[in-house]
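What follows is a short report on a single structure.
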Amino acid sequence: MTAHTYLISDLHLSASRPDITACLARFLEEKAPSADALYVLGDLFEYWIGDDDRSEFNEHVAKLFKSLADKKVPIFFIHGNRDFLIRKAFATRAGMTLLPEQKVIDLYGTKTLILHGDELCTQDTAYQKFRRKARGWWWPRLVLALPLSTRRKIAEKGRETSAKNQQSLTMEIMDVTHTAVIEMMQKFGVTRMIHGHTHRPAVHELTVEGKKAQRIVLGDWYEQGSMLKVSADSFELISPPLNEPEK
1 MTAHTYLISD LHLSASRPDI TACLARFLEE KAPSADALYV LGDLFEYWIG DDDRSEFNEH
61 VAKLFKSLAD KKVPIFFIHG NRDFLIRKAF ATRAGMTLLP EQKVIDLYGT KTLILHGDEL
121 CTQDTAYQKF RRKARGWWWP RLVLALPLST RRKIAEKGRE TSAKNQQSLT MEIMDVTHTA
181 VIEMMQKFGV TRMIHGHTHR PAVHELTVEG KKAQRIVLGD WYEQGSMLKV SADSFELISP
241 PLNEPEK
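Quick note: the sequence shown, position 229, residue 229 per the numbering used here, numbers continuous.
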């Protein structure tokens, strides 16, 4: 079998969507064990309020990933805008290695920048202001010091506010800006970028400093699964159904 790596993002797992969790479980059990590595590029959960939230659901998800890690498949995680409070305790339980917000990896000879992608949506100035605060040193510490029940209420309220705010934003504002993409690729000296966040799976061809470049966007898991399979000479965006086909 050809050597390959999988990348996924934007699963938005929650106990209220067992179909998404079941699709993930099948992927981790049937497809992922053959991979050289699995990269999770953020928003694994609908929201994350702290590693001390050891609910039955959260522990189930951790065990799903740990089962893959136990098969000697490295799992790497980059924080998204919904789960940036994930820390080493959960990562250890899930067999994951935490990565910085932007990371350059070697994918079969091609330097590739991987990230969640929310930092590229620079037209959404209100969100970027919140992002700078939320990713700082003091805000996470303050939030994580609150009682678990309080954090859960804040997260649920935040989801409602976010949904309302998105209704008033145009698709252009919620998407990445071309300038931010080019500047980020120039900063890291790459001609390939892979990210999630926008829920718009696609392959974009562009030019960076006179060189042909690619931006590959991962899809969300709301209506189907979504993963990117990369090998030395090809890549494929795959969208399996959430529900297992009847036999």
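The C-beta atom is built at its ideal place from N, Cα and C for all residues, glycine as well. For clarity, every value in this text was computed on a predicted model and none was experimentally measured.
Taking the alpha carbon of residue i as the reference point, which residue from the options has its own alpha carbon closest?
i      : options                           : result
Ala15  : Asn58, Leu7 and Phe188            : Asn58
Pro147 : Asp52, Leu11, Leu41 and Leu38     : Asp52
Cys23  : Ser231, His4 and Trp221           : Trp221
Arg151 : Gly50, Gly225, Cys121 and Phe65   : Gly50
Val203 : Arg159, Val190, Ser149 and Val217 : Val217
His12  : Gly42, Glu236 and Arg87           : Gly42
Ala265 : Asn81, His60, His116 and Leu107   : No answer is possible for residue 265: it lies beyond the span of the chain, which begins at 1 and ends at 247.
Thr161 : Tyr127, Val143, Ile182 and His199 : Tyr127
Val230 : Lys111, Asp124, Ala62 and Ser55   : Lys111
Val176 : Glu56, Asp118 and Gln224          : Asp118
Pro33  : His116, Thr21, Asp233 and Thr5    : Thr5
Gly80  : Leu120, Ser67 and Thr92           : Leu120
Arg141 : Arg87, Asp233, Leu206 and Arg82   : Arg87
Thr21  : Gly225, Met185, His116 and Ser149 : Gly225
Asp233 : Arg26, Ser149 and Leu107          : Leu107
Rounded to the nearest angstrom, what separates residue i and residue j at their Cα positions?
i      : j      : result
Met1   : Ser239 : 21 Å
Asp10  : Ile105 : 20 Å
Val208 : Phe90  : 37 Å
Arg159 : Ala145 : 20 Å
Lys153 : Gly109 : 46 Å
Gln167 : Ala3   : 42 Å
Glu236 : Ala37  : 16 Å
Ala278 : Thr191 : What is shown of the chain runs 1 to 247, which leaves residue 278 out entirely.
Glu244 : Arg200 : 23 Å
Glu156 : Glu56  : 18 Å
Ala62  : His195 : 23 Å
Glu223 : His197 : 15 Å
Gly189 : Glu183 : 10 Å
Ala35  : Ser67  : 14 Å
Glu30  : Met185 : 34 Å
For residue i and residue j, which I take to be in contact (beta-carbon distance under 8 Å), what is that distance rounded to the nearest angstrom?
i      : j      : result
Leu28  : Phe65  : 7 Å
Leu113 : Met193 : 5 Å
Ala180 : Thr122 : 5 Å
Leu7   : Leu228 : 4 Å
Asp124 : Met174 : 6 Å
Identify the residues that DSSP records as bridge partners of residue i: which are they?
i      : result
Gln214 : Arg192 and Glu205
His4   : Ser231
Tyr39  : Leu7 and Phe76
Leu115 : Gln102 and His195
| Pairing CB atoms from the segment 53-73 with CB atoms from the segment 98-109, are three or more of them under 8 Å? | no
| said: Any contact between the segment 10-26 and the segment 37-52? By contact I mean 3 or more CB pairs, one from each, below 8 Å. | reply: yes
| task | Check whether the segment 127-134 touches the segment 204-220, counting contact only when three or more Cβ pairs, one atom from each stretch, lie closer than 8 Å. | result | no
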